[in-house]
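Engineer:
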Amino acid sequence: LGDWVVSSDVYPQGLAPLIAHVRSRGMDFGIWVEPEMVNRDSDVVRAHPDWVLHASGYEPVMARHQLLLDLTNDAAFAHVFAQLDALLRDHDIAFVKWDMNRPLIHATSADGAAGARRQTLAFYRLLDSLRSAHPRVEFESCASGGGRIDHAVLSRAVRVWTSDCNDPLERQHIQRGTGMWVPNEMLGMHVGAKKSHTTGRSQSIELRALTAFFGWMGVECDPQKLDDHDRGVLRDAIALHKRHRSLLHSGDTVRFDLDDDSALAHGVYATDRTEAILAYVQLQTSPWLVVPRWRIPGLLPDRTYTVTPLPLGTSGGIGHTRPEWMSSPVTCTGRELAVVGLQPPSMWPESGMLVHIRS
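Counting in this note's numbering, the sequence shown runs from 2 upward without gaps.
(1) Under 8 Å between the Cβ atoms of residue 184 and residue 283?
(2) In this structure, does DSSP put residue 351 in helix, strand or coil?
(3) Can you tell which of 89, 37, 247 has its C-alpha closest to the C-alpha of residue 81?
(4) Give me, in chain order, the residues of the same chain whose beta-carbon lies closer than 7 Å to that of residue 209; leave out the 5 immediate sequence neighbours on both sides.
(5) Count the CB pairs spanning the stretch 249-268 and the stretch 233-241 that are closer than 8 Å, and state whether there are at least three.
(6) Buried or exposed, going by whether 16 or more other CB atoms sit within 10 Å of the CB of residue 29?
(7) Going by C-alpha to C-alpha distance, which of 78, 107, 171 sits closest to residue 128?
(8) Return helix, strand or coil for residue 229, following the three-state DSSP convention.
(9) If we ignore side chains and look at the alpha-carbon of each, how far apart do residue 24 and residue 8 end up?
(10) How should residue 244 be labelled, buried or exposed, when 16 other C-beta atoms within 10 angstroms of its C-beta is the threshold for buried?
(11) To the nearest angstrom, report how far apart residue 225 and residue 231 are at their CA atoms.
(12) So, are the CB atoms of residue 265 and residue 173 less than 8 Å apart?
(13) Residues bridged to residue 190 by DSSP?
(14) Please report the straight-line C-alpha distance between residue 91 and residue 138, rounded to a whole angstrom.
(15) May I have the straight-line CA-CA distance separating residue 272 from residue 249, to the nearest angstrom?
(16) For residue 59, count neighbouring Cβ atoms within 10 angstroms of its own Cβ and tell me buried if that reaches 16, exposed if not.
(17) Give me the Cα-Cα distance between residue 300 and residue 219, rounded to the nearest whole angstrom.
(18) Ignoring anything shorter than 3 residues, give me the beta strand (DSSP E) runs that lie fully in the stretch 42-111, in order along the chain.
(19) Curious, which full-length beta strand (DSSP E) runs of at least 3 residues does the stretch 274-303 contain?
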């Protein structure tokens, strides 16, 4: 970190062959960088130890084998800009994941002034400079989830990385909270590996895909390691997401208050309230013998809607019968959905379903 040049030891022919291969597969090429970070064993630290953000008279605090570059130092700022500018100028890079994986400990400049706010403002200025120089490059703001997400970033990045935790049970809560002020279309939501690297839990491909469905959907598991079933579910989930993406990323996000605390429900309403896609997720075993009704307010009360399940999720459970609306489409008014609601099935824990409502 800090020496933002392509390593000839790792890439003797540079990045061009790798980029060409990725593009030959019909994809854009993206790169992952941590511009504010630097390793102690780097050319830039050896040449400019004064560029490291730390309190005068104290040794810099290491975290994750990293130190922080003081972007409020004009020379350090110019160095980082020049390195990244050259990287983007010389390569066909369409996307930059801008990471920051350690806290601002000893956030003071060489002059002793408090540095956290100044460092953040310098980060904005650096990002603005690169966006101005490379207007076609898309930037994601990432910092283990949340560390570089703020209102100022939302005007500069095309998306943010919601969390390094891809466990869908955790993600349901994380995305519900972050989505209070960040729109779905900017929230990075990925289908992670079966076994989460942050919790050690394993979940079905159906729940992982359903949890990633509403946001900027991505895949963070190795497709070559998927069996035929999981590969088919993932393929169909991506196709379903693309089919409904115009609604998912233009409508109004809604969150439902359920009587069953073991479940979460949320979704998106079209702005004209003619259509909605909703998710009902059973996080834990329900304490209810008969699951409480799911009331869906906010649609047009006198409009007639058709309610159908979408083919993503696993709604099986202990019940021997499923509600009628899950077997064949039913029609009801917006008032009926708000007052009477839908009867959810009794689902296994760690499962969920999608519902499509259309007038």
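Note that beta-carbon positions come from the ideal geometry of N, C-alpha and C, so glycine has one too.
No experiment lies behind these values; they were computed from the predicted model shown.
Structural biologist: Reading from the atomic positions:
(1) Taking 8 Å as the cut-off, the beta carbon of residue 184 is found no closer than this to the beta carbon of residue 283.
(2) Three-state DSSP puts residue 351 in coil, outside helix and strand.
(3) Comparing Cα positions, the closest option is 37.
(4) Same-chain partners within the cutoff: 169, 192, 193.
(5) The stretch 249-268 is not in contact with the stretch 233-241.
(6) Per the 10 Å Cβ criterion, exposed.
(7) Closest by alpha carbon: 78.
(8) DSSP places residue 229 in helix when its eight states are reduced to three.
(9) Within the model, the alpha-carbon separation for residue 24 versus residue 8 is close to 21 Å.
(10) By the neighbour-count rule (16 or more Cβ atoms within 10 Å), residue 244 is not buried but exposed.
(11) Spanning the two alpha carbons is a distance of roughly 11 Å.
(12) Cβ atoms of residue 265 and residue 173: closer than 8 Å.
(13) Per DSSP, the beta-bridge partners of residue 190 are 218.
(14) In this structure, the straight-line span from the alpha carbon of residue 91 to that of residue 138 is close to 13 Å.
(15) Distance between the alpha carbons of residue 272 and residue 249 is about 11 Å.
(16) Exposed: under 16 other Cβ atoms inside 10 Å.
(17) Looking at the two C-alpha atoms, the distance is approximately 30 Å.
(18) Taking only runs of at least 3 residues, the beta strand (DSSP E) segments lying wholly in the stretch 42-111 are 96-99.
(19) Complete beta strand (DSSP E) runs here, min 3: 276-283.
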